[in-house]
Every structure is written in C-alpha cells, then in structure tokens.
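A.B. asks: Here it is: the structure, laid out below.
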Amino acid sequence: MKKKVFLTRRLHDFALKELKKKYQIEVHSGKIPVTQTKLRSKIKDVNGLICFPYDKIDSKLMDLAKNLKVISTYSVGFDHIDWSYAKKKKIRVGYTPNVLTDATADLAFALLIDILRKVSEGDRIIRDGRWREIYGAYDYVGLDLQNKTLGILGLGRIGSTLAKRAKAFGINVIYHNRKRVSRSKEKTLGVKYASFQKMISRSDIISIHVPHTTQTDQMFDMKIFRKMKKSSFIINTSRGKVINQKDLVTALKKKIIAGAGLDVFDVEPISKKHPLTKFDNVVLAPHIGSSTKETREKMSKITVKNLNLGINDKKPIYSVGY
Ligand code: DGY
Numbered sequence: 015m016k017k018k019v020f021l022t023r024r025l026h027d028f029a030l031k032e033l034k035k036k037y038q039i040e041v042h043s044g045k046i047p048v049t050q051t052k053l054r055s056k057i058k059d060v061n062g063l064i065c066f067p068y069d070k071i072d073s074k075l076m077d078l079a080k081n082l083k084v085i086s087t088y089s090v091g092f093d094h095i096d097w098s099y100a101k102k103k104k105i106r107v108g109y110t111p112n113v114l115t116d117a118t119a120d121l122a123f124a125l126l127i128d129i130l131r132k133v134s135e136g137d138r139i140i141r142d143g144r145w146r147e148i149y150g151a152y153d154y155v156g157l158d159l160q161n162k163t164l165g166i167l168g169l170g171r172i173g174s175t176l177a178k179r180a181k182a183f184g185i186n187v188i189y190h191n192r193k194r195v196s197r198s199k200e201k202t203l204g205v206k207y208a209s210f211q212k213m214i215s216r217s218d219i220i221s222i223h224v225p226h227t228t229q230t231d232q233m234f235d236m237k238i239f240r241k242m243k244k245s246s247f248i249i250n251t252s253r254g255k256v257i258n259q260k261d262l263v264t265a266l267k268k269k270i271i272a273g274a275g276l277d278v279f280d281v282e283p284i285s286k287k288h289p290l291t292k293f294d295n296v297v298l299a300p301h302i303g304s305s306t307k308e309t310r311e312k313m314s315k316i317t318v319k320n321l322n323l324g325i326n327d328k329k330p331i332y333s334v335g336y
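Going by the numbering used here, the first residue of the sequence shown is number 15, and it counts up by one from there.
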C-alpha cells in the first residue's frame with residue numbers, strides 16, 4: 015500500500031505529479047491556512063506532511079500522529095514547527111534554505127530602494143490623480159543610497175547577499191551577529207562588525223535577517239526605536255514577530271524613525287485597514303521574499319526531495335533537529 019502524504023495547500027503541478035507516483039496524497043483545497051481541526055484529523059494516519067510557514071505544527075499535533083516520519087516545509091523559516099519536539103519523536107523536519115537566498119536579499123534591497131526613493135509612494139500619487147507638481151526642487155524628493163550606512167542584523171546567507179547588493183550601490187555596511195564572522199568574510203564582503211547598540215544607533219537603514227525565536231521575539235520595540243536615528247528606516251523580510259508592530263506604528267506616528275519596508279507582519283495577511291497601510295513612508299509587501307518563479311520551483315523540488323528522504327527514514331537534504 016502507498017504511503018500517505020497530506021499537503022496543507024498545493025505545490026507546483028510537477029511536484030504533485032511526482033508525489034502522486036509514489037504516495038497516496040491529499041491536498042487541502044479549502045480556505046488557507048488549513049484549520050487546526052482539519053490538520054488534527056489528517057495528521058493521525060499520514061506518513062508525511064508538507065506544510066507552509068503559517069501552519070502551526072506543535073507538540074499537541076505531533077502527539078496525534080501515529081505514523082508521521084517527516085514534516086517538509088516549503089520555507090526557509092521553521093519557527094512554525096516545534097522541531098525540538100519532532101526530534102524527540104524522531105520525526106524528520108526538512109526546510110528549503112539556499113535556493114531562496116538571492117530572491118529574499120533582492121526583495122530586501124527592493125524595499126530599501128523603494129523606501130528611500132519613494133517608488134511606491136509615487137505610484138500611488140499617479141494612480142490617485144495627485145500628480146500636480148512637476149520636477150520641483152522639493153517635489154517627491156527621496157534620498158541617495160550612496161554613502162548611507164546599512165546595518166544588517168544577522169549576517170547569514172541572506173544578510174551576506176544583501177551586503178553584496180548594498181556595496182555595489184556605494185552603501186557602507188555594518189552588521190551585528192550573535193557571533194562575529196571571520197575577518198576574511200568581513201573583508202570579502204567589505205562589512206564591519208558593530209555591537210547591537212552601535213549598529214542600531216549608527217545605521218541609516220536597518221535590515222533584519224534573524225529567525226523568529228524566543229530570543230528575537232519583539233526584539234525591535236520602542237526602546238530600540240528610540241535608539242535609532244530619527245532619519246533611519248527599518249526593513250524586515252524575516253518574520254513579523256521580530257518587531258513589536260504596535261510600537262512600530264507609534265514610532266512612525268511620533269516620527270521617532272523615518273519609515274519602514276515590510277514584507278512580514280505579526281499576523282498575515284494584514285488588513286487594508288491596518289494603521290501601517292496609512293503611512294506614505296511605509297512600503298508593504300505581501301510576504302513575497304522568496305516569491306519568484308525560479309525560486310519557488312526550486313523550493314518545490316527541495317520540499318519533495320526532503321519528503322522523499324524523510325519518509326524513508328533518511329535525513330532530508332536540509333534538515334533541522336533529527
Ligand atoms: C521563508 O521561506 O521562510 C520565507 O519567509 C519566504 O519568503
């Protein structure tokens with residue numbers, strides 16, 4: 015009998031085709047995300063689960079799973095999975111790093127350019143029929159990228175790739191990491207290490223590239239915003255909960271910081287009525303860091319490979335925990 019696999023939403027057709035050859039698959043097709051009730055009923059007898067960043071896979075859910083061998087997430091982030099519990103239960107957890115590094119760094123840089131050069135704001139001005147003044151000295155004036163200082167929190171794969179983009183545009187890059195990277199990596203990237211406090215207070219733009227963990231939860235709150243330059247911007251393409259979103263709204267209202275470029279939010283999707291949608295100095299993206307055709311196809315391939323390995327009790331290509 016074929017092993018059973020549940021997908022909390024569909025992947026590319028080529029990936030489904032491959033899965034169907036080997037397994038009895040069921041793809042959730044209703045409202046996204048799948049409800050915990052449905053997930054609980056499905057997890058009971060499946061051998062493999064393919065999930066997405068907004069599916070909460072916790073210990074209670076795993077306790078219901080009698081035959082589960084592998085959880086394969088279609089994401090680099092795995093904060094939605096209690097992977098240490100999975101490890102205890104000898105359930106493999108696969109994820110999709112590397113292939114989305116360029117796409118996510120590109121998006122962070124796109125938000126940076128957009129927020130400094132007011133691209134989205136200009137687009138809204140035209141679409142709303144508000145383009146009155148042409149080419150005036152004070153009209154639609156943004157900021158140069160050159161000679162600005164970008165502070166990167168988390169010089170991992172994505173942070174380092176963003177640093178390369180920034181250097182090419184004449185931006186100075188400082189970074190903070192839990193562990194300082196090697197001097198040779200700093201030299202190659204042309205970046206300088208700074209303490210967290212120094213990075214916060216010296217940067218014109220801060221870009222967040224740390225995972226969401228108990229240590230990074232709500233890391234950027236009012237206390238930190240007050241330490242940033244009044245003229246500075248914050249970019250987030252990692253996880254929304256790294257920022258205290260209420261404090262961010264207050265910081266923007268009170269002009270404690272100058273603006274934000276956000277691809278991730280504490281609750282997704284955010285409503286069009288959310289206070290963040292009211293600021294012209296905020297650029298919003300609907301969690302599209304990895305969302306390019308090429309990258310998403312690669313992610314599907316890896317998700318399937320990880321599942322294939324894990325379901326046969328082998329280590330996924332990219333695995334966390336067991
Ligand atoms: C991920 O894969 O975790 C990212 O959030 C995608 O943008």
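Every residue, glycine too, gets a C-beta built ideally from N, C-alpha and C.
Nothing here was measured: the structure is a model prediction, and the numbers come from that model.
Hey, would you say the C-beta of residue 90 is under 7 Å away from at least one heavy atom of the ligand DGY?
C.D. replies: yes
A.B. asks: What is the C-beta distance between residue 107 and residue 316, in whole angstroms, given that I count them as a contact (C-beta under 8 Å)?
C.D. replies: Wrong, their Cβ atoms sit about 13 Å apart, outside the cutoff.
A.B. asks: Using CA atoms only, rank isn't needed, just tell me which of 212, 39, 95 and 87 is closest to residue 166.
C.D. replies: Closest in alpha carbon position to residue 166, among 212, 39, 95 and 87, is 212.
A.B. asks: Mind pulling the beta strand (DSSP E) runs of 3 or more residues that sit fully within the segment 248-336?
C.D. replies: Taking only runs of at least 3 residues, the beta strand (DSSP E) segments lying wholly in the segment 248-336 are 273-276 and 296-298.
A.B. asks: Where does the unbroken beta strand (DSSP E) through residue 108 begin, and where does it stop?
C.D. replies: 106-108
A.B. asks: Looking at C-beta atoms only, is the number of pairs between the segment 120-127 and the segment 239-253 that lie closer than 8 Å three or more?
C.D. replies: yes
A.B. asks: My parser needs the beta strand (DSSP E) runs of 3 or more residues fully inside the segment 53-78; what are they?
C.D. replies: Listed in chain order, they are 62-65.
A.B. asks: Residue 161 bridges to which residues according to DSSP?
C.D. replies: Per DSSP, none; premise fails for residue 161.
A.B. asks: Using the Cα positions of residue 62 and residue 21, report the straight-line distance between them to the nearest angstrom.
C.D. replies: 9 Å
A.B. asks: Alpha carbon to alpha carbon, how far is residue 197 from residue 310? Give it in angstroms, no decimals.
C.D. replies: 34 Å
A.B. asks: Quick check on the burial criterion: 16 or more other C-beta atoms within 10 angstroms. Buried or exposed for residue 320?
C.D. replies: buried
A.B. asks: Identify, in the order they occur along the chain, each residue of the same chain with its Cβ nearer than 8 Å to the Cβ of residue 161, setting aside the five sequence neighbours on each side.
C.D. replies: Excluding positions up to five away in sequence, the list reads 184, 185 and 186.
A.B. asks: Alpha carbon to alpha carbon, how far is residue 235 from residue 56?
C.D. replies: 39 Å
A.B. asks: If I'm right that residue 193 touches residue 226 with Cβ under 8 Å, what's the distance once you round it to whole angstroms?
C.D. replies: That belief does not hold up - the Cβ atoms of residue 193 and residue 226 are roughly 19 Å apart, past 8 Å.
A.B. asks: Over what stretch of residues does the beta strand (DSSP E) that includes residue 17 continue unbroken?
C.D. replies: Its beta strand (DSSP E) spans residues 17-21.
A.B. asks: So, under 8 Å CB-CB, residue 80 and residue 58 are touching, yes? Tell me the CB distance rounded to an integer number of Å.
C.D. replies: For a cut-off of 8 Å, the C-beta gap from residue 80 to residue 58 is around 6 Å, short enough to register as a contact.
A.B. asks: Per DSSP, which residues does residue 99 bridge with? Please list them.
C.D. replies: None; residue 99 has no bridge partner.
A.B. asks: Buried or exposed, going by whether 16 or more other CB atoms sit within 10 Å of the CB of residue 100?
C.D. replies: buried
A.B. asks: Can you tell me which of the three DSSP states residue 82 falls into?
C.D. replies: coil
A.B. asks: Which parts of the segment 184-236 are runs of the alpha helix (DSSP H), unbroken and 4 residues or longer, counting only runs that do not cross its ends?
C.D. replies: For secondary structure counted as the alpha helix (DSSP H) over 4 or more consecutive residues, the segment 184-236 holds these complete runs in sequence order: 197-203 and 210-216.
A.B. asks: What residue range does the beta strand (DSSP E) around residue 41 cover?
C.D. replies: 37-41
A.B. asks: Is residue 91 closer than 8 Å to residue 67 when the C-beta atoms are compared?
C.D. replies: yes
A.B. asks: Can you confirm whether residue 219, when its beta carbon is compared against all beta carbons of chain C, has any partner nearer than 8 Å?
C.D. replies: The displayed structure is made up of one protein chain only, and chain C is not part of it.
A.B. asks: Measuring CA to CA, which of 295, 223 and 154 is closest to residue 191?
C.D. replies: 223
A.B. asks: By the DSSP assignment, the alpha helix (DSSP H) with residue 144 in it spans what residues?
C.D. replies: Unbroken run through residue 144: none, as it is neither H nor E.
A.B. asks: Short check: CB of residue 149 to CB of residue 169, under 8 Å?
C.D. replies: no
A.B. asks: Would you kindly report the start and end of the unbroken alpha helix (DSSP H) that includes residue 413?
C.D. replies: Beyond the ends of the chain as shown, which are 15 and 336, falls residue 413; an answer cannot be given.
A.B. asks: Helix, strand or coil, according to DSSP, for residue 49 in the structure here?
C.D. replies: coil
A.B. asks: Should residue 330 be counted as a contact of the ligand DGY given a C-beta to heavy atom distance under 7 Å?
C.D. replies: no
A.B. asks: Can you grab the Cα-Cα spacing for the pair residue 330 / residue 96, in whole Å?
C.D. replies: 17 Å
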